[in-house]
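Visitor: Before we start, here is the structure in question, set down as structure tokens.
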């Protein structure tokens, strides 16, 4: 890790975001089972139920969080990896990557609870961290 001081920070961010995705998946599955509402006939049939037009609100919110993560996490991970590969410092990576991960955990919590304006504030905060990483990348490329 001598050549890439920020690598451990990147790996930790990646693993904690994977944990968040796993926890979200668990919440979605448990919510679907508790609500006994399934869109797909084969899923409903497993429990002797009929399929429905719409899933429970929490299940739908979980799906929206998934979609939001799919739209945003790859950009962060690409920026974080670029910063890491350019030899970014561990202290900066700890602060930037850690902040982003914390923001995304909070964003997920407020999204699931339907709390505005906090969801928007946290989304914009995450984008601000990404732009800080962009600036760090540019500084690494042109010291």
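Numbering (the UniProt record's numbering), first residue to last: 1 to 143.
For each residue, glycine too, the CB sits at the ideal point set by N, CA and C.
As the structure is a computational prediction, the values presented were derived from the model and not from experiment.
1. My understanding is that residue 13 touches residue 97, with C-beta atoms under 8 Å, so please give their C-beta distance in whole angstroms.
2. Is it true that the CB of residue 7 sits closer than 8 Å to the CB of residue 84?
3. Look at the alpha carbon of residue 56 and the alpha carbon of residue 87, and state the distance between them as a whole number of angstroms.
4. List the endpoints of the continuous alpha helix (DSSP H) containing residue 61.
5. Touching or not, the region 115-122 and the region 33-52, by the rule of three or more beta carbon pairs under 8 Å?
6. Using a 10 Å radius around the Cβ and a threshold of 16 neighbouring Cβ atoms, would you call residue 113 buried or exposed?
7. Classify residue 36 as helix, strand or coil using the three-state DSSP reduction.
Guide: With the structure as the only source:
1. 4 Å
2. yes
3. Rounded to whole angstroms, residue 56 to residue 87 spans 46 Å at the Cα level.
4. 57-85
5. Verdict: no, contact absent.
6. By the 10 Å Cβ count, residue 113 comes out exposed.
7. Residue 36 carries a coil assignment under DSSP once its states are collapsed to helix, strand and coil.
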